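Asker:
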Amino acid sequence: MSIRLENVNYVYSPDSAFCKQALKDINLEIKDGEFIGLIGHTGSGKSTLIQHLNGLIRATSGRIYYNEQDIYESQFNLRGLRALVGLVFQYPEHQLFEVTVFKDVCFGPNNLGLSKDECEARAREALRLVGLKKKHWQKSPFELSGGQKRRVAIAGVLAMKPEVLILDEPTAGLDPKGRNDILEQISKLHREEHMTVILVSHSMEDVAQYVDRLVVMNRGSVFMEGTPAQVFKHYVELERIGLAAPQVTYVMHRLAQEGYKVDPDATTIREA
Ligand code: ADP
Numbered sequence: 001m002s003i004r005l006e007n008v009n010y011v012y013s014p015d016s017a018f019c020k021q022a023l024k025d026i027n028l029e030i031k032d033g034e035f036i037g038l039i040g041h042t043g044s045g046k047s048t049l050i051q052h053l054n055g056l057i058r059a060t061s062g063r064i065y066y067n068e069q070d071i072y073e074s075q076f077n078l079r080g081l082r083a084l085v086g087l088v089f090q091y092p093e094h095q096l097f098e099v100t101v102f103k104d105v106c107f108g109p110n111n112l113g114l115s116k117d118e119c120e121a122r123a124r125e126a127l128r129l130v131g132l133k134k135k136h137w138q139k140s141p142f143e144l145s146g147g148q149k150r151r152v153a154i155a156g157v158l159a160m161k162p163e164v165l166i167l168d169e170p171t172a173g174l175d176p177k178g179r180n181d182i183l184e185q186i187s188k189l190h191r192e193e194h195m196t197v198i199l200v201s202h203s204m205e206d207v208a209q210y211v212d213r214l215v216v217m218n219r220g221s222v223f224m225e226g227t228p229a230q231v232f233k234h235y236v237e238l239e240r241i242g243l244a245a246p247q248v249t250y251v252m253h254r255l256a257q258e259g260y261k262v263d264p265d266a267t268t269i270r271e272a
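Under this note's numbering, the first residue of the sequence shown is numbered 1, with each subsequent residue one higher.
1. Quick check on G131: does DSSP put it in helix, strand or coil?
2. Give the DSSP-derived three-state secondary structure of Y10 in the structure shown.
3. Can you give me the start and stop residues for the beta strand (DSSP E) that R213 sits inside?
4. For E29, which beta-bridge partners are listed by DSSP?
5. Would you mind giving the Cβ-Cβ distance between A59 and V8, rounded to the nearest angstrom? I have them listed as a contact below 8 Å.
6. Going by the DSSP bridge assignment, what does K20 pair with across the sheet?
7. At what residues does the alpha helix (DSSP H) containing G156 begin and finish?
8. When you compare only the Cα positions, how much space is there between L189 and S16?
9. Pull every residue with its beta-carbon under 5 Å away from any heavy atom of the ligand ADP, and keep them in chain order.
10. Buried or exposed for H94, going by 16 or more other Cβ atoms inside 10 Å?
11. To which residues does DSSP link E73 through a beta bridge?
12. Just the Cα atoms here: how many angstroms apart are R128 and I198?
13. As an exercise, report each continuous alpha helix (DSSP H) stretch of at least 4 residues that is fully enclosed by the segment 189-242, in chain order.
14. Can you list, in chain order, the residues of its chain whose CB lies under 6 Å from that of A155, leaving out five sequence neighbours each side?
15. Please specify which runs of the beta strand (DSSP E), each continuous and at least 3 residues long, are wholly inside the segment 41-86, giving them in chain order.
16. Hey, which unbroken runs of the alpha helix (DSSP H) at 4 residues or more fall wholly within the segment 96-127?
17. Going by the C-beta, is N27 closer than 8 Å to any heavy atom of the ligand MN?
18. In this structure, does DSSP put F35 in helix, strand or coil?
19. Suppose contacts are defined by Cβ-Cβ distances below 9 Å. Is F223 in contact with G40 by that definition?
20. For D168, which of helix, strand or coil comes out of DSSP?
21. Would the beta-carbon of V200 fall within 9 Å of that of E163?
22. Within this structure, are the beta carbons of E68 and R4 separated by less than 9 Å?
23. Output the distance between the C-alpha atoms of N180 and Q75, rounded to the nearest integer angstrom.
24. Kindly list the residues whose CB is nearer than 6 Å to the CB of S221, restricted to its own chain and excluding five residues on each side of it in sequence; keep chain order.
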């Protein structure tokens with residue numbers, strides 16, 4: 001699996017008073033098995049960008065390649081792409097509607113026209129992958145906590161067996177414990193199932209400790225990309241675009257992990 005964007009631009013409502021260029025000349029490559037953190041201030045274009053990756057939004061100009069195939073060519077199977085690139089929207093639990101958790105997770109595979117056995121096997125596997133205990137499977141989704149509901153919604157996407165999992169602010173609105181649990185679970189999917197993951201967040205702190213690579217967006221453009229340590233070194237620029245720098249202790253740890261010499265007595269990022 002690979003995804004490549006070449007000079008992608010996107011304009012909302014062109015030719016109207018509300019015309020807004022949300023993406024500007026995006027060039028980006030996502031490789032198999034990568035765990036990417038897509039970060040940026042609200043309105044920087046993150047949601048617009050990820051909706052291009054599974055063809056929900058069509059670029060105003062530029063090209064997108066999935067496994068080196070141009071997704072805008074007429075012979076490309078765009079519908080198939082939606083199953084390969086699983087997108088978990090913000091507050092995905094708002095879309096839960098079935099009478100039980102299990103049925104909800106079966107919904108997607110059912111729509112693919114798979115057999116009942118196959119749908120149920122996929123649902124069991126997906127619920128196991130998100131770490132939702134079996135005792136909850138026959139409950140109504142509405143009886144669950146916020147974090148549990150979100151796991152069910154993620155399981156619904158995993159049951160489609162995507163090659164890439166994209167999550168838009170998966171920790172929004174959860175308490176700190178719920179946030180950690182979800183991030184740990186996503187990280188486990190990447191580590192143990194070798195899933196390619198794109199995690200969208202406006203908080204560096206949330207994602208930096210898990211991802212291999214950060215892609216920082218600002219005003220519709222890719223502002224910076226690199227390993228967390230490479231990106232953190234530019235904390236002044238990051239603060240300028242409204243991204244609070246992560247905790248100093250964590251930055252130190254990460255820089256050291258990536259082989260940078262770190263002064264153990266340093267107490268501010270500036271000294272890093
Ligand atoms: P983010 O996900 O980083 O918060 P978005 O991709 O949602 O950013 O938004 C990027 C820009 O596009 C923002 O200026 C936003 O106001 C604008 N935008 C988003 N959705 C629409 C829409 N449906 N119509 C017009 N403008 C939009």
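All residues carry an ideal CB built from backbone N, CA and C; glycine is no exception. All figures in this text were calculated on a predicted structure; none of them were measured in a lab.
Answerer: Taking the structure as given:
1. Position 131 of the sequence shown, counting from 1, holds the residue named residue 131. Of the three classes helix, strand and coil, the one that applies to G131 here is coil, per DSSP.
2. Within the sequence shown, residue 10 is the residue found at index 10, counting from 1. Here Y10 sits in strand by DSSP.
3. Your numbering for residue 213 matches position 213 in the sequence shown. It spans R213 to N218 - the beta strand (DSSP E) in which R213 sits, taken as one unbroken run.
4. Translated into the one-based positions of the sequence shown, residue 29 becomes position 29. R4, per the DSSP bridge assignment.
5. Sequence index remark: in the sequence shown, residue 59 carries index 59 (1-based). Sequence index remark: in the sequence shown, residue 8 carries index 8 (1-based). Between V8 and A59 the Cβ distance is about 5 Å, and since that is below 8 Å, they are a contact.
6. By 1-based counting over the sequence shown, the position of residue 20 is 20. Paired residue(s): Y12.
7. Start at 1 with the first residue of the sequence shown, and residue 156 comes out as number 156. Here the alpha helix (DSSP H) through G156 covers G146 to L158.
8. Residue numbering aside, residue 189 sits at position 189 when the sequence shown is read from its first letter. Residue numbering aside, residue 16 sits at position 16 when the sequence shown is read from its first letter. Straight-line Cα distance between these residues: approximately 43 Å.
9. Y12, K20, A22, T42, G43, S44, G45, K46, S47 and T48
10. On the sequence shown, residue 94 is found 94 positions in, with the first residue counted as 1. By the 10 Å Cβ count, H94 comes out exposed.
11. The residue labelled residue 73 in the question sits at position 73 within the sequence shown. Note: E73 sits in no beta bridge, so no partner.
12. Translated into positions along the sequence shown, residue 128 becomes position 128. Translated into positions along the sequence shown, residue 198 becomes position 198. Going from the Cα of R128 to the Cα of I198 covers about 21 Å.
13. 204-208, 228-232 and 235-240
14. The count along the sequence shown starts at 1 and reaches residue 155 at position 155. Excluding sequence neighbours, A155 sits near V105, A126, L127 and V130.
15. 61-66
16. 101-111
17. This structure lacks the ligand MN; its bound ligands are the ligand ADP.
18. Walking along the sequence shown from the start, residue 35 turns up at place 35. In the structure shown, F35 sits in a strand (DSSP, three-state: E or B).
19. Residue 223 sits at position 223 when you count from the first residue of the sequence shown. Residue 40 sits at position 40 when you count from the first residue of the sequence shown. Yes.
20. Walking along the sequence shown from the start, residue 168 turns up at place 168. If DSSP states are grouped into helix, strand and coil, D168 belongs with the strands.
21. The residue you call residue 200 lines up with position 200 of the sequence shown. The residue you call residue 163 lines up with position 163 of the sequence shown. No, the Cβ-Cβ distance between V200 and E163 is not below 9 Å.
22. The residue you call residue 68 lines up with position 68 of the sequence shown. The residue you call residue 4 lines up with position 4 of the sequence shown. Yes, they are a contact pair.
23. The residue given as residue 180 occupies position 180 in the sequence shown. The residue given as residue 75 occupies position 75 in the sequence shown. Straight-line Cα distance between these residues: approximately 42 Å.
24. Taking the sequence shown and counting its residues from 1, one reaches residue 221 at position 221. Around S221: K24.
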